[in-house]
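Residue numbering for the sequence shown follows the working numbering, starting at 1 and increasing by one per position. Beta carbons: idealized from backbone N, C-alpha and C, even for Gly. Treat the numbers as computed from the prediction; the structure is a model and nothing was measured.
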Amino acid sequence: MTKKILLSVFLLPAAMAFAQQYGGMWIPTELNEKEMKDLGMKISAKDIFNPQKPSIKDAVVQFNGGCTAEIISPKGLLLTNHHCGYGQIQAHSTVENDLLTNGFWAKNMGTELPNPGVTVDFIIDIKEVTNQILEGTDNLTEPELSKKIANNIEVYKNSQKIEPYQSISVKSMYYGNKYYAYTIETFKDVRLVGAPPQSIGKFGSDTDNWVWPRHTGDFSMFRIYADKNNKPAEYSKDNVPYVPKHYLPVSIKDKNENDFTFVFGFPGRTTEYLPAIAVEKIMNEIDPARIAVRDVALKTLDEKMRVDNATRIKYASKYASVANYWKKWIGEVEGLKKSNAVEKKVMYEGSLVAKNPEVKTTLDQLNKLYNDQAPYALNNAYYSEVIRNAETLTLANLYSNYITAVEAGRMDEKSLASFKNRLSSFYKDYSAELDAKVTAKLLALYANKTAPQFLPTGFDKYKNEAQNIQSIEEISKNSIITGRSEVNGASLAQDIDKAFSNQDKLIKTLKKDPVYMLFTNLKETYIKTADPQYTSLQTKIDALQKKFMAQQMATDKDRKFFPDANSTLRVTYGKVKGSTPRDAVSYNYQTHLAGVMEKYVPGDYEFDVPKKLIDLYNKKDFGIYKDKTGDVPVGFTATNHTTGGNSGSPALDAYGNLVGLNFDRQWEGTMSDINYDPRFSRNIMVDTKYILFIIDKYADSKWLIDEMKIVK
């Protein structure tokens with residue numbers, strides 16, 4: 001350990017300097033323009049974000065509340081990841097017309113497919129409002145502090161004049177030390193335009209997820225529609241393509257190592273400023289628990305999906321969602337260990353204490369709180385992951401919340417309709433028989449991994465997985481929640497309206513349902529033995545983290561701080577670059593179509609390749625999309641600091657042209673959510689040349705290319 005700490009001390013200054021230069025998710029109104037230009041940027045910060053004039057921010061949207069997308073034509077053509085549009089592609093798919101397998105390409109605007117409920121959000125303006133939001137809070141503690149801040153936020157929002165299709169969102173930054181207000185404009189008519197088959201858009205699937213070298217054409221295309229006045233509107237056949245204030249030119253110039261690049265998007269969540277003790281708990285306890293639960297769920301689903309086509313389609317999107325963070329957490333644990341994240345944090349904390357002795361008091365308190373919370377946090381990780389991944393228990397939780405709402409008088413007609421729609425959507429992609437097996441295995445894991453004081457009385461009977469499979473299947477067959485037994489003469493999975501026709505009878509039947517009683521036993525025990533302690537300690541940790549954050553910013557005058565990601569619009573910048581993540585292992589920054597053919601496994605669900613793509617490769621029919629090697633570039637890596645939510649974000653060159661589509665990170669660097677390390681942290685992007693090659697040569701959709709401004 002001593003050797004490691006000394007090594008960390010030696011490496012820290014250089015690593016920190018590099019991290020300040022390349023790491024960071026910057027609020028676009030607070031960019032370090034000089035540093036960006038020193039790295040090679042040719043445009044100005046105002047070209048990136050300007051609330052008064054058209055700028056690049058007017059081409060960047062949050063897609064459906066989670067991913068990022070960008071406008072690439074004057075007719076509202078939208079580009080995002082295949083995995084971001086996966087749910088919509090799946091929704092339009094059937095066994096007879098499988099768009100996941102075959103892909104989809106509209107032949108004209110009239111054949112583009114509507115997606116009810118899908119939205120895109122533009123950020124119109126960003127303002128710091130810290131003084132307004134924290135007014136009158138100086139001497140307050142929880143819960144009065146939160147109430148006062150919430151009231152101040154409402155007062156601020158109500159004071160702003162906005163259009164009916166706009167909204168104001170006030171976001172906390174730096175753990176509540178600053179606040180920013182975002183003016184948001186939401187469009188609700190978003191139509192599917194094109195998607196490659198998953199053998200291109202999901203090539204490599206789970207094996208290659210988070211992995212470099214990568215050969216995935218992870219893109220899909222949508223279009224924003226507006227009313228005749230170019231304003232947001234609900235879906236209507238009379239709507240017209242949206243005319244954007246700005247759209248991104250698409251570059252097909254060759255890329256070179258050390259080219260400047262920046263990524264503009266909506267990163268979801270990072271925790272860069274945690275104390276060392278928190279990182280240690282994540283690395284050694286919390287992440288391993290989450291991984292263990294998802295490992296069981298994924299293996300069980302995979303067994304069925306490989307042999308049953310209907311199940312594969314039904315569970316495709318859910319499986320990908322569960323697998324995504326399962327693999328990310330595995331890489332995160334390894335990356336935290338390899339980058340000596342805990343040791344680096346300890347040394348940094350030591351440097352803060354040397355400058356400001358008050359920091360030691362805060363850190364001592366944080367260390368005690370995290371250690372006190374550890375057993376409850378571990379139970380929280382297991383419990384929440386089991387309920388989330390055992391869908392039958394997820395359903396029981398939904399019905400539990402429904403009963404609570406009814407009995408509290410909070411279930412009006414609108415709420416009931418929304419709840420029933422949610423259930424219909426859930427049952428559409430739910431297999432009770434398959435999930436009975438998943439639930440049985442997860443209950444066995446929970447019974448074996450959870451400390452006895454957190455288990456319901458008699459829960460030891462669930463420790464035997466084989467016995468569980470039989471008993472949970474029997475429970476499932478006799479449950480109305482699973483839809484395999486009826487209430488009010490109907491199955492909840494097949495005729496929700498009829499099943500809900502007599503609410504009193506429904507609720508009485510639910511309360512006696514075997515799945516409901518199993519879930520209630522689990523939930524009540526968790527609420528009694530773990531949740532209050534976990535939550536109470538977390539409230540204290542959050543208050544101290546706010547103080548620790550303020551102390552870091554006040555003490556370390558040499559460091560440029562950026563706020564942790566929180567799904568707000570950010571800019572990150574760096575350079576196109578390969579990496580050397582392990583001894584004697586060196587990765588180039590670029591992959592090519594030849595690599596797709598090297599990985600090709602005929603008939604394999606992850607590595608099959610469409611015949612037409614093989615033919616194009618064999619004929620070397622690459623058109624204008626080949627690079628200096630004579631091949632089509634597929635993906636590339638750079639030092640941009642990205643995370644979940646950056647999926648679909650535009651990767652831009654020094655002039656603001658689109659050069660790639662962000663879709664992943666290199667596995668060895670997924671710990672960058674907690675500890676950015678310039679040696680390993682790389683974001684992965686689809687090359688625009690490959691995107692256009694697929695649209696033009698593979699999909700024969702040149703009409704879409706003709707909409708774009710191509711930079712050669």
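- In the DSSP assignment, the residues bridged to N662 are M685.
- Straight through space, the alpha carbons of L704 and I695 are spaced by roughly 8 Å.
- Rounded to the nearest angstrom, the gap between the Cα atoms of S73 and E707 is 6 Å.
- Here F222 really is in contact with L192; their C-beta atoms are around 6 Å apart, less than 8 Å.
- For T457, the number of other beta carbons within 10 angstroms of its own is below 16, and it is reported as exposed.
- Residue environment: A276 is assigned as buried (16 or more neighbouring CB atoms within 10 Å of its CB, all protein chains considered).
- Nearest to N152 by C-alpha distance, out of T568, K338, T141, E135, is E135.
- If you look at M36, you'll find it isn't in any beta strand (DSSP E); it sits in the alpha helix (DSSP H) that goes 33-38.
- Residue pairing by DSSP places L652 opposite F262, L658 in a beta bridge.
- For V263 against N640, the beta-carbon gap comes to about 4 Å, under 8 Å, which counts as contact.
- Following the DSSP letters along the chain, one finds F419 in no beta strand (DSSP E) but inside the alpha helix (DSSP H) bounded by residues 413-428.
- Taking the Cα positions, D218 is about 7 Å away from V686.
- Residues of the same chain with a CB within less than 7 Å of the CB of D208, apart from the 5 flanking positions on each side, are R214, T216 in chain order.
- For P581, the enclosing beta strand (DSSP E) stretches over residues 579-582.
- Boundaries of the beta strand (DSSP E) around S220: 220-226.
- Residues A444, A447, N448 of the same chain have their beta carbon placed closer than 7 Å to that of K463, with the five preceding and five following residues left out of the count.
- For A341 and V279, the gap between their C-alpha atoms comes out near 8 Å.
- Spatial neighbours of E413 in its own chain (CB-CB distance under 6 Å, excluding positions within 5 residues in sequence) are not present.
- Distance check between D295 and each of K127, S485, T439, A374 places T439 closest, using alpha-carbon atoms only.
- The Cβ-Cβ distance between G176 and K546 falls below 7 Å.
- Straight through space, the alpha carbons of A226 and K75 are spaced by roughly 11 Å.
- V95 counts as exposed, since fewer than 16 other C-beta atoms from the protein chains shown sit within 10 angstroms of its C-beta.
- Shown here for R682: same chain residues with a beta carbon closer than 6 Å to its own, the five before and five after excluded, namely S579, T637, Q666, G669 in chain order.
- Contact between the segment 424-438 and the segment 477-489 is present: 3 or more CB-CB pairs across the two stretches fall below 8 Å.
- Closest in alpha carbon position to V609, among T29, F203, D98, is F203.
- M173 has K178 as its beta-bridge partners, per DSSP.
- Burial of P267 is indicated by the presence of at least 16 other C-beta atoms within 10 angstroms of its C-beta.
- Note that the segment 109-116 does not touch the segment 670-678; fewer than 3 beta-carbon pairs, one per stretch, sit closer than 8 Å.
- Put simply, of T591, S567, T568, N566 the residue whose alpha carbon is nearest the alpha carbon of K577 is T591.
- Closest in C-alpha terms to N32, from the list N646, Y402, T572, comes T572.
- Shown here for V170: same chain residues with a beta carbon closer than 8 Å to its own, the five before and five after excluded, namely V129, I133, I153, Y156, K157, Y179, Y180, A181, Y182 in chain order.
- Its chain contains P456 as the residues whose beta carbon lies nearer than 6 Å to that of T525, once the 5 sequence neighbours on both sides are disregarded; these appear in chain order.
- In this structure, the beta-carbon distance from I507 to I403 falls below 7 Å.
- For V240, DSSP records a beta bridge to A226.
- Looking at the backbone, the Cα of D604 and that of K57 are separated by about 40 Å.
- With contacts defined by Cβ atoms closer than 7 Å, E185 and F122 form a contacting pair.
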